[in-house]
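Step one of this worksheet: look at the structure below.
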Amino acid sequence: MDSVRSPEWPVAPLGGVAGNSAAGRYAVPGTAPISGRSGPPPPPYQPPSGAGASPPVGKPAAPPIPVKILVAGGFGVGKTTTVGAISEIAPLTTEAEMTSAGIGVDDPGVRSTKTTTTVAMDFGCVTIDRSLKLYLFGTPGQARFGFMWDDLARGALGALVVVDSARLDDCFPAIDFFERAGLPFVVGVNAFDGRLALELGEIRWALAIGDHVPLVQFDARDRLSVRDALLVVLDRALERATRERQA
64 MDSVRSPEWP
74 VAPLGGVAGN
84 SAAGRYAVPG
94 TAPISGRSGP
104 PPPPYQPPSG
114 AGASPPVGKP
124 AAPPIPVKIL
134 VAGGFGVGKT
144 TTVGAISEIA
154 PLTTEAEMTS
164 AGIGVDDPGV
174 RSTKTTTTVA
184 MDFGCVTIDR
194 SLKLYLFGTP
204 GQARFGFMWD
214 DLARGALGAL
224 VVVDSARLDD
234 CFPAIDFFER
244 AGLPFVVGVN
254 AFDGRLALEL
264 GEIRWALAIG
274 DHVPLVQFDA
284 RDRLSVRDAL
294 LVVLDRALER
304 ATRERQA
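The opening residue of the sequence shown carries number 64 in my numbering; numbering runs sequentially from there.
Below, the structure is given as structure tokens:
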């Protein structure tokens, strides 16, 4: 799946050629970039006499199929970081500064240096290949925003539940929500500082999730690691859709 597009193309100057365009990537050194025809277009191709009819013009490529995926979990587990690490566009975030009024209400944990919190949702997207594009919706982690989850989950095909292995209690509401909704989900354990507080087997036992629920370790800061976790979610959703079609 190395065809995932990089979000790091440089922004084109005003009136210039985009860095990821054909003209920008394949321009011949010493020549000016192509900015458009200066004269009338060339006449259409005419096959030689007796060569038979020209082949049919191919149809334009179909747009990629949109797939909605939720990124959910407790407060401060790395949902916003997950969306931002993989999104090929500048992610939409609704971050607000945490104030003293949130002391005792919003607890990101002793290891966290978090100073902002999501008050609505996060949004990003990534193209998997020419036929598939993921739209990522990050849910707010605080209980007071739980009323938004039903709306965010509408139309979703799967979910990635992000977990902090040192604060497993915070992920129970998300797991309960998707189990009740019947939405396929994957539990992704975010490796803060590159390590886990518990082994994956211990985490599965503590969360009381069945073997049918994938449990993966990933790093929310690493783009390829996030990609691999999302592909597991996609596989789970496709498996569910195939099973329902055959039933």
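Just so it is clear, CB atoms sit at the ideal spot from N, CA and C, and this is done for glycine as well. In this text the structure is predicted, and so the values were computed from the model without any measurement.
Asked	Found
N-terminal and C-terminal residue of the alpha helix (DSSP H) that T143 is part of	K142 to I149
Contacts around A229, its chain only, beta-carbon distance under 6 Å, and the 5 residues preceding and following it disregarded	A260
Nearest-angstrom Cα separation, counted from P123 out to A254	43 Å
In DSSP terms, what V279 is bridged to	G251
Length of the line joining the Cα atoms of T156 and A304	30 Å
Beta bridge counterpart(s) of F186 as assigned by DSSP	L155 and F200
Range of the contiguous alpha helix (DSSP H) that encloses G264	L263 to L270
Option in E242, G245, R267 and R243 with minimal Cα separation from V252	R267
Sequence-distant residues of the same chain with beta carbon closer than 6 Å to A300, five excluded per side	L220, G221 and P247
Cβ distance (whole Å) where L215 is taken to contact M184 below 8 Å	6 Å
Residue from V250, Q309, T143 and A283 whose Cα sits closest to the Cα of L297	V250
Residue of L293, E302 and P127 minimising C-alpha distance to I149	L293
For V146 and D256, the rounded distance between their alpha carbons	18 Å
Continuous alpha helix (DSSP H) stretch holding D232: start and end	Here D232 belongs to no alpha helix (DSSP H), and DSSP marks it neither H nor E.
8 Å contact criterion, which I132 and L197 should meet: CB distance rounded	5 Å
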